[in-house]
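For reference, the structure discussed in these notes is given below.
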Amino acid sequence: MKDINIEEKEREFQAKIDADIKIEPNDWMPAEYRKTLIRQISQHAHSEVVGMLPEGNWITRAPNLRRKAVLLAKVQDEAGHGLYLYSAAETLGSDREASIDDMHAGIAKYSSIFNYPTLSWADMGMIGWLVDGAAISNQVPLCRCSYGPYARAMVRVCKEESFHQRQGYEIATTLANGTPEQKAMAQESFNRWWWPALMMFGPTDAASKHSALSMKWKIKRVSNDELRQQFVNVTVPQAELIGLTIPDPELNWNEEKQGYDFGTINWEEFNQVVQGNGPCNKERLDARRKAKENGVWVREAALAHAEKRKAKMAS
Amino acid sequence: MSSNEWPLWEVFIRSKQGLSHKHVGSLRAADAENAINNARDVYTRRSEGISIWVVESKLISASDPKEADSLFDPADTKIYRHPTFYEVPDGVLHM
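Protein sequences appear in the order of chains A and B. As numbered in my numbering, the first sequence has no gaps in its residue numbers, which increase by one up to the final residue, 322. As numbered in my numbering, the second sequence has no gaps in its residue numbers, which increase by one up to the final residue, 134.
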């Protein structure tokens with residue numbers, strides 16, 4: 008077989024992307040495409056796994072059995088999503104354990120939203136409605152991402168997330184229609200989660216350093232600012248419907264653009280949380296490290312058991 | 040910490056009786072039984088399956104994408120393998 012040079016391979020690769028042909032694990036791909044995907048998919052996986060912690064905080068204190076069963080199912084889904092994503096990253100040659108260790112060492116990131124504390128039961132409503140809602144807006148376009156295994160994992164994730172958002176909105180609705188204390192609890196929680204939810208879409212398009220290449224490679228298909236605008240447009244009427252007030256004095260319907268204008272995000276807060284100085288960064292990482300360390304003996308025992316059984320079957 | 044990772048397994052699910060098993064993804068597990076149990080939790084939380092196959096990923100041999108042309112192109116020129124290639128006179132029924 009003749010050895011074609013790298014530029015030609017890159018041209019062929021881009022032609023496939025432009026023709027919307029999916030890239031599969033063993034296909035040739037530019038090293039940078041592989042690196043970008045490994046970074047993005049593993050960050051996404053870490054986010055799902057760390058995302059279990061804020062909600063795990065309320066499982067034992069759910070107000071009734073129905074809410075508890077739902078919350079348990081939701082947290083179990085997050086674990087499942089993390090697993091789909093780690094296995095998608097592994098198809099690119101990423102080492103699962105090394106990537107988890109990178110997260111524990113603070114080298115690899117996860118979504119900053121999970122560095123905020125869950126102070127009241129209403130937070131379970133806001134996380135489902137706003138945080139999962141924002142995640143869905145981000146993830147729906149990823150179902151059409153150019154890398155096959157990532158796109159397929161996202162299809163599963165999106166199907167499951169829509170239950171997450173609805174259960175959250177149901178909690179928010181119930182509280183908003185409840186006693187004055189319950190309604191106040193919902194509003195207080197909404198006030199805390201609104202801005203961090205908007206930050207989930209990442210830096211503005213002008214400041215986003217990974218965007219251009221990701222767009223060209225169809226890893227990313229819609230820009231951060233566009234997704235954020237869509238999220239605001241759909242969420243404001245949902246809040247109004249249940250009588251919650253958006254904590255943004257600059258929020259205004261703009262007839263011309265057929266969307267809401269909204270205030271400026273506090274990017275200093277965003278950067279601080281990304282850099283590890285959010286309210287719960289340390290607590291989250293400590294919890295993950297502890298989970299890994301406390302599970303070592305279980306993983307070792309399972310392997311030893313498997314070896315022993317194999318030996319027994321061979322003899 | 041020493042790397043003592045469980046092996047990687049590919050998971051195939053039969054969604055209902057009468058359909059074949061289909062690849063759904065992969066997971067890590069200590070052995071086959073453990074892999075089936077994990078696959079149940081990871082891939083069938085919403086009644087997606089009635090039967091699970093698992094196989095260790097390293098046991099799968101795959102064709103090389105670089106050889107796709109030489110492997111599969113020859114079939115493209117053999118249109119006479121399809122029924123639409125043949126002319127059938129008007130009025131012929133049940134064929």
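Ideal placement from N, C-alpha and C gives every residue a C-beta, glycine not left out. These numbers come from a predicted model, not from an experiment.
CA nearest to the CA of residue i, picked from the options
{"i": "A:Q245", "options": "A:L137, A:F170 and A:A318", "result": "A:L137"}
{"i": "A:G283", "options": "A:H312, A:L72 and A:I114", "result": "A:I114"}
{"i": "A:L220", "options": "A:L205, A:T43 and A:M36", "result": "A:T43"}
{"i": "A:K23", "options": "A:Y154, A:K264, A:F277 and A:M161", "result": "A:Y154"}
{"i": "B:F124", "options": "B:V131, B:H62 and B:T116", "result": "B:T116"}
{"i": "A:M206", "options": "A:S94, A:M110, A:I120 and A:M320", "result": "A:I120"}
{"i": "A:R228", "options": "A:V77, A:S144, A:M59 and A:Q265", "result": "A:S144"}
{"i": "A:K75", "options": "A:G63, A:R296 and A:E262", "result": "A:G63"}
{"i": "A:G209", "options": "A:G266, A:N273, A:Q265 and A:Y40", "result": "A:N273"}
Contact with chain A by residue i, beta-carbon distance below 9 Å
{"i": "B:D112", "result": "no"}
{"i": "B:L98", "result": "no"}
{"i": "B:D103", "result": "yes"}
{"i": "B:M40", "result": "Its pLDDT being 39, under 50, B:M40 is placed unreliably in this model, and the value from its coordinates should be taken loosely. B:M40 counts as touching chain A."}
{"i": "B:L47", "result": "yes"}
Residues near residue i by beta carbon distance below 8 Å, same chain, minus five either side
{"i": "A:P349", "result": "Residue numbering for chain A in the displayed model covers 8 to 322; residue 349 of chain A lies beyond these limits and cannot be assessed."}
{"i": "A:P256", "result": "G270"}
{"i": "B:M40", "result": "Residue placement at B:M40 is flagged as unreliable, the pLDDT there being 39, under the threshold of 50; the coordinate-derived value follows with that caveat. Excluding residues within five positions, none has a Cβ falling inside 8 Å."}
{"i": "B:H62", "result": "E49, V50 and F51"}
{"i": "A:V281", "result": "K116 and S119"}
Residue-level contact to chain B via CB, residue i, 9 Å cutoff
{"i": "A:G87", "result": "yes"}
{"i": "A:P156", "result": "yes"}
{"i": "A:L149", "result": "no"}
{"i": "A:Q2", "result": "With chain A represented from 8 up to 322, any question about residue 2 of chain A goes unanswered, as that position is not in the structure."}
{"i": "A:E104", "result": "yes"}
{"i": "A:E307", "result": "yes"}
{"i": "A:E14", "result": "no"}
{"i": "A:E167", "result": "yes"}
{"i": "A:L310", "result": "yes"}
{"i": "A:V303", "result": "yes"}
{"i": "A:R316", "result": "yes"}
Whole-angstrom distance between residue j and residue i, CA atom to CA atom
{"i": "A:E14", "j": "A:K166", "result": "39 Å"}
{"i": "A:E239", "j": "A:T67", "result": "Strictly speaking, residue 239 of chain A in this sequence is Val, with Glu absent from that position. Cα to Cα, the separation comes out at about 32 Å."}
{"i": "A:Y117", "j": "A:M222", "result": "21 Å"}
{"i": "A:R46", "j": "A:S127", "result": "33 Å"}
{"i": "A:I178", "j": "B:A114", "result": "57 Å"}
{"i": "A:I96", "j": "A:R103", "result": "For the record, residue 96 of chain A in the displayed sequence is Ala; it is not Ile. Each residue's alpha carbon lies about 8 Å from the other."}
{"i": "A:Q279", "j": "A:A311", "result": "44 Å"}
{"i": "B:S90", "j": "B:S102", "result": "27 Å"}
{"i": "A:A141", "j": "B:I118", "result": "49 Å"}
{"i": "A:L72", "j": "A:S54", "result": "27 Å"}
{"i": "A:C152", "j": "A:K319", "result": "46 Å"}
{"i": "A:V164", "j": "A:G58", "result": "14 Å"}
{"i": "A:N259", "j": "A:Y267", "result": "5 Å"}
{"i": "A:R159", "j": "A:C150", "result": "7 Å"}
{"i": "B:W45", "j": "B:R67", "result": "5 Å"}
{"i": "A:A298", "j": "B:N73", "result": "20 Å"}
Close Cβ partners of residue i (< 7 Å) along its chain, the five nearest in sequence each way excluded
{"i": "B:S137", "result": "The structure shown has nothing for residue 137 of chain B, since chain B only spans 40 to 134."}
{"i": "B:A71", "result": "V93"}
{"i": "A:D212", "result": "S218, S230, N231 and D232"}
{"i": "A:S106", "result": "S49, A96 and A115"}
{"i": "A:P37", "result": "E17 and F20"}
{"i": "B:T83", "result": "I52"}
{"i": "A:G89", "result": "A52, E55 and V56"}
Own chain partners of residue i with C-beta closer than 6 Å, once the 5 adjacent residues on each side are dropped
{"i": "A:H171", "result": "K81, G135 and D139"}
{"i": "A:H51", "result": "L92"}
{"i": "A:D130", "result": "S196"}
{"i": "A:N288", "result": "N122"}
Check your understanding: What residues in the segment 79–95 of chain B bring their beta carbon closer than 7 Å to a beta carbon of chain A?
Key -> Listed in sequence order: V81 and R84.
Practice item. With 8 Å as the C-beta to C-beta threshold (strictly closer), list the residues of the segment 19–51 of chain A near chain B in chain order. Key: For the segment 19–51 of chain A, residues whose beta-carbon sits nearer than 8 Å to a beta-carbon of chain B comprise E31, N33, D34 and W35.
Point to revise | chain B contacts made by the segment 90–101 of chain A, where a contact means CB separation under 9 Å | key: If the cut-off is 9 Å between Cβ atoms, the segment 90–101 of chain A has L90, Y91, Y93, S94, A95, E97 and T98 near chain B.
Review point. Using a beta-carbon distance cut-off of less than 9 Å, what residues from the segment 55–69 of chain B approach chain A?
Key: Residues V63, G64, S65, L66, R67, A68 and A69.
Point to revise | Contact set between the segment 207–222 of chain A and chain B, restricted to residues whose Cβ is under 9 Å from the partner | key: Taking a C-beta cut-off of 9 Å against chain B, none of the residues of the segment 207–222 of chain A qualify.
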